[in-house]
Amino acid sequence: MSLEEQVKELVEEWDEDGLKDLCHSVLDNEEASAEDLLEIIGNLMKFIGSQFENEDIFLPDLIGAAGVVKVAIDEVLDPAIRASGSEKKTLGKIVIGTVESDVHSIGKDLVSSFLFSNGFDVYNLGVEVTADEFITKAEEVGAKIIGMSSLLTMSMDFQRQVIEELKKRGLREKYKVIVGGAPTTDEWSEQIGADGWADDAIETVSLVKKLIE
Ligand code: B12
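Position one of the sequence shown corresponds to residue -6 (our numbering), numbered consecutively onward.
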């Protein structure tokens, strides 16, 4: 069975310990990197998302799969990436979070891990992050970039509100603001006056590198 198939089987069975064990053993035996595993998991969640949209699976299946994946990212893959990057000099500080009213974390966590593994200092504020929380943290740590994730059509407008709040506080020019998440687009990013949008974690790394050049 390929690594992709093994991951898929464990996620579909909600086998949290099995997935953690598999990730540990793959990393220990250097069969693949934590970034490779994150990419496999990201693609799998997109596939599971499309199955949910086509009503091939139902909400409990989705919640189960998302929970298993989140534990593997939080407890195994993200720490592995952080451990391997501890000696690196930072390319810049990034504050990232999912906007107010939105609890979707998987895509944003993938983006965070990829940015971290590419040399950025990432402050992941979690989910349901308010405009004030984004801005206060960015000011506190001296970030160059603020990244906002939104998975709900209903929460997208909070991305705009963070930009408006930056303007109100006279801080808009101090930061590069990037947005992402399934319902967002390049056009949306332009419409709300963000500095960039990316479709996935790998594109986000290229976008951020371009923006801070
Ligand atoms: C998993 C999931 C959940 C899980 C979330 C678990 C978790 N910890 O994240 C649970 C079950 C909790 C959940 C809850 C809900 N969900 Co939901 N969920 C999904 C699902 C299936 C997959 C999302 C995902 O993880 N995708 C995989 C990741 C890897 O992809 P991604 O998030 O898009 O991220 C990538 C890119 O977008 C980009 N990116 C992401 N963030 C950022 C940020 C920046 C700065 C950049 C540059 C790039 C970037 O890079 C990422 C990596 O490649 C989607 C379906 C879908 N097609 O997206 C629905 C979906 C988003 N959910 C939906 C809904 C409606 C809900 C609920 C309201 C359901 C309910 N009735 O309660 C609640 C929301 C509650 C809330 N207040 O937020 C709808 C949203 C519809 C809409 N357009 O508004 C969707 C589209 C499903 C559907 N078709 O109905 N959900």
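By construction, the Cβ of each residue, glycine as well, lies at the ideal position given by its N, Cα and C atoms. Remember, it's a predicted structure, so these values are computed and weren't measured experimentally.
Let me check you understand the geometry: is the CB of ASP109 closer than 8 Å to at least one non-hydrogen atom of the ligand B12? Here residue 109 turns out to be Phe, not Asp, going by the sequence shown. Set against 8 Å, the gap from the CB of PHE109 to the closest heavy atom of the ligand B12 is not smaller.
Among ALA59, VAL0, ALA58 and ALA73, the one whose alpha carbon lies nearest that of GLU28: Cα-wise, what sits closest to GLU28 is ALA73.
PHE51 burial status per 10 Å Cβ neighbour count (16 or more: buried): exposed
Check TRP7 in the structure and name its three-state DSSP category. coil
To which residues does DSSP link TRP190 through a beta bridge? VAL172
Could one say the Cβ of GLU2 lies closer than 9 Å to chain D's Cβ atoms, at least one of them? Of the protein chains in the structure, only one exists, and it is not chain D.
Does the distance between the C-beta of LYS203 and the nearest non-hydrogen atom of the ligand B12 fall short of 8 Å? A distance criterion of 8 Å places the beta-carbon of LYS203 beyond contact range of the ligand B12, judged by its closest non-hydrogen atom.
For the stretch 177 to 195 against the stretch 85 to 97, do three or more pairs of beta-carbon atoms, one drawn from each stretch, fall closer than 8 Å, so that the two count as touching? Taking 8 Å as the limit for Cβ pairs, the verdict is that the stretch 85 to 97 does not touch the stretch 177 to 195.
Compute the Euclidean distance between the alpha carbons of GLU46 and ARG165, then round it to the nearest angstrom. Using only the alpha carbons, I get a separation of about 37 Å.
On the DSSP letters alone, give me the boundaries of the beta strand (DSSP E) that ASN228 sits inside. A query on residue 228 cannot be resolved here, the shown segment of the chain reaching from -6 to 206 and no further.
Given that a residue counts as buried once 16 or more other Cβ atoms are within 10 Å of its Cβ, and exposed if not, what is SER110? buried
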